[in-house]
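A.B. asks: This is the structure I have questions about; it appears just below.
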Amino acid sequence: MKAIITAVLTLLLFTACSQKSTLEKQQTVLLIEEKQNKTLEEESFDDEFSEEKTQDLDPLEYYNRAMTNFNDVVYTYALIPAANVYKKTIHEEVQISISNFFTNLMFPIRFVNNILQLKFQEAGEETGRFLLNTTIGFFGFFDPATETKDFPLHKEDFGQTLGYWGVGPGFHIVLPIFGPSNVRDLLGFTLDGYIDPGFSTDKRDLKLPNNLEKSLALKTLATINQNALNNGQYENLKKDALDLYPFLKNIYEQKRLHEIKE
Amino acid sequence: MKQIYAIILILLTLGLNLNAIEENNIKSVMSKKVDNILQIMQQKGVSKSTTAKQVFLLLDSVFDYKTMAKISLGKQWKRINKKEKEKFTKAFEKKLKYSYMDKLELYTDEKVLIKKLIKSKKNRIQLYSDLLGKTQKFEIIYKFHRNKKNDWLIYDIKIIGVSIIQTYRKEFSSYLQNHSIDSLINSL
């Protein structure tokens, strides 16, 4: 009898022990998993976010910084005050109409670049949009296309087309007035100028302006109008920067990368 | 029986206090929060600080400020001590809120459209939304991660492709190349 009891007891003890050890095992497995999860999570955050590389190619840094400061002065003391006066004199409805007009006018750039990126459906929607807004929307001053939701805007430019076909951004270049750009986008910007109906320096062109002065006047109106609508955005953004040039550069490059991927 | 009621009661109150979001109601909770924020913004004659307080009351439970601070500091996070980490996290949260409040001032009558939810990984979810301005549309993506308590929290916001935390991370790492962590904390 004693033997049986001892046997049962040992058995019980044994199972208890083994249960305990499996429990421990499970716990250690869980702990390891948790550790792995944690490191996995940290690693994936590191994969998701890059850091400033010291070897970042920026041969024009000295010029870029100077131009960023120059632009900052122009924006702060000329463009923004002008836009503020404009905002007070021109009714907002009119500002929106002018903005619509310029957006509609840039249709050829968007159409060509959608085609060049093989985005045929988007190119079709852009065409529908242009036809609707030019006719019913009275030369594009009104935007019935956005209200119908059938013809969304598909912003594409040559810089994005080049990026689509694998052209890298190259080094960063800050343009006077226009602000951040890079080698790829500057080339794209120049190419866009050829099909931009709002810009021409040649009398023979069938475009809205036919000389440099008229072109510049039109671009200035578009810029001031847009700034009046985006009132306060630049000053607001600037406050977040510890160092303005790399801050704007970083934002610009992130935004362009997103626009190309889209 | 009494015990069961007590347990249910405890569970209920726990559930109520648990402000963090579960996976299947991220969209609805966020829609509600956004609607509430817009309502707060449309109030008239309310001081800026009251508005901010009301807004942050809604956001604090879904914003993972600590993770944001940690990611934004990148590799440097492991190199600083516990006290510096705490100080930095606090300063960063303050800076983030200050900057957010500033952005709220630009708000006029834009509408927000919550679009879709994408689960990119087991512990990552992106909520897509559009801010509809007068002539432009801005895409805003709220990025959620699942923490150890199984709550989904926001660790980054992407506005037209620009990640807020990525922008800070780059800024901080280039700033720290020739400044100390203390001077960074002070400049925030």
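Chains as they are written, first to last, in the numbering used here: chain A, 27 to 288; chain B, -10 to 177.
The beta carbon of each residue, even a glycine, is placed where N, CA and C say it ideally should be.
(1) Count the other CB atoms within 10 Å of the CB of S176 (chain B); is the residue buried (16 or more) or exposed (fewer)?
(2) Which whole-angstrom value is the C-beta distance of Y271 (chain A) and T94 (chain A), which I expect to be below 8 Å?
(3) Going along the region 238 to 260 of chain A in order, which residues come within less than 9 Å of chain B, judged by CB to CB distance?
(4) Rounded to a whole number of angstroms, what is the C-alpha to C-alpha distance between R158 (chain B) and L62 (chain B)?
(5) Classify F52 (chain B) as helix, strand or coil using the three-state DSSP reduction.
(6) Let me know if H117 (chain A) comes out buried or exposed under the rule of 16 or more other beta-carbons within 10 Å of its beta-carbon.
(7) Using a C-beta cutoff of 7 Å, does Q32 (chain B) count as contacting chain A?
(8) Using only alpha-carbon positions, find the residue among A:G258, A:F197 and A:L268 that is nearest to Y88 (chain A).
(9) So, helix, strand or coil for S118 (chain B), using DSSP?
(10) Leaving out five residues before and five after I310 (chain A) in sequence, what residues of the same chain have Cβ atoms less than 8 Å from its Cβ?
(11) For G205 (chain A), list the residues DSSP reports as bridge partners.
(12) Identify, in the order they occur along the chain, each residue of the same chain with its Cβ nearer than 6 Å to the Cβ of T41 (chain A), setting aside the five sequence neighbours on each side.
(13) Can you tell me the Cα-Cα spacing of N139 (chain B) and E11 (chain B), whole angstroms?
(14) Contact between the region 39 to 56 of chain B and the region 85 to 92 of chain B: three or more CB pairs below 8 Å?
(15) Just how far apart, CA to CA, sit G214 (chain A) and K137 (chain B)?
(16) Is Q45 (chain A) buried or exposed, if buried means 16 or more other CB atoms sit within 10 Å of its CB?
(17) For E239 (chain A), which option in A:S226, A:D231 and A:A248 has the closest C-alpha, if you only look at C-alpha atoms?
(18) Among A:E119, A:G166, A:K181 and A:F167, which residue has its Cα nearest to the Cα of A149 (chain A)?
(19) If the cut-off is 7 Å on Cβ atoms, which residues from the region 109 to 127 of chain A count as contacting chain B, listed in chain order?
(20) From which residue to which residue does the beta strand (DSSP E) around K108 (chain B) run?
(21) Smallest Cα separation from Y54 (chain B): which of B:T40, B:Y96, B:Q32 and B:E82?
(22) How would you list, in chain order, the residues of chain B whose beta-carbon sits under 8 Å from the beta-carbon of E173 (chain A)?
(23) In its own chain, which residues sit with a C-beta less than 7 Å from the C-beta of R136 (chain A), not counting the 5 before and 5 after it?
(24) Secondary structure at D84 (chain A), three-state DSSP: helix, strand or coil?
(25) Check whether the Cβ of S164 (chain B) lies closer than 7 Å to any Cβ atom in chain A.
C.D. replies: In short, the structure shows the following:
(1) The residue is exposed, with fewer than 16 neighbouring Cβ atoms inside 10 Å.
(2) Y271 (chain A) to T94 (chain A), Cβ: 4 Å. Contact.
(3) Answer in chain order: Q252, L255, N256, N257, G258 and Q259.
(4) Rounded to the nearest angstrom, the two C-alpha atoms are 6 Å apart.
(5) In this structure, F52 (chain B) counts as strand in the three-state DSSP scheme.
(6) Residue environment for H117 (chain A): exposed (fewer than 16 other C-beta atoms within 10 angstroms of its C-beta).
(7) Judged by the 7 Å Cβ criterion, Q32 (chain B) is not in contact with chain A.
(8) Ranking A:G258, A:F197 and A:L268 by CA distance to the CA of Y88 (chain A) puts A:F197 first.
(9) Strand at S118 (chain B).
(10) This structure does not reach residue 310 (chain A), given that chain A is present from 27 up to 288, and the question cannot be answered.
(11) Answer is A:L201.
(12) At T41 (chain A) the pLDDT is 44, less than 50, meaning the model places this residue with poor confidence; the figure from the coordinates comes in the next sentence. Excluding the 5 residues flanking it on each side, T41 (chain A) has no same chain C-beta neighbour closer than 6 Å.
(13) Spanning the two alpha carbons is a distance of roughly 8 Å.
(14) They touch, by the three-pair rule.
(15) Roughly 47 Å separates the two Cα atoms.
(16) At Q45 (chain A), the pLDDT of 47 sits below 50, so the modelled position is not reliable; the number obtained from the coordinates is stated separately. With fewer than 16 other Cβ atoms inside 10 Å of its own Cβ, Q45 (chain A) counts as exposed.
(17) Nearest in C-alpha terms to E239 (chain A), of all of A:S226, A:D231 and A:A248, is A:S226.
(18) Residue nearest to A149 (chain A) within the set A:E119, A:G166, A:K181 and A:F167 is A:K181 (criterion: CA-CA distance).
(19) Along the region 109 to 127 of chain A, the positions whose C-beta sits under 7 Å from a C-beta of chain B are I122, S125 and N126, read in chain order.
(20) Here the beta strand (DSSP E) through K108 (chain B) covers K100 to K110.
(21) With distances taken between Cα atoms, Y54 (chain B) lies closest to B:E82.
(22) Within chain B, no C-beta atom comes nearer than 8 Å to that of E173 (chain A); the closest sits roughly 12 Å away.
(23) E152, H180, K181 and E182.
(24) Under the three-state reduction of DSSP, D84 (chain A) is assigned to coil, being neither helix nor strand.
(25) According to the sequence shown, residue 164 (chain B) is Tyr rather than Ser. Closer than 7 Å: yes.
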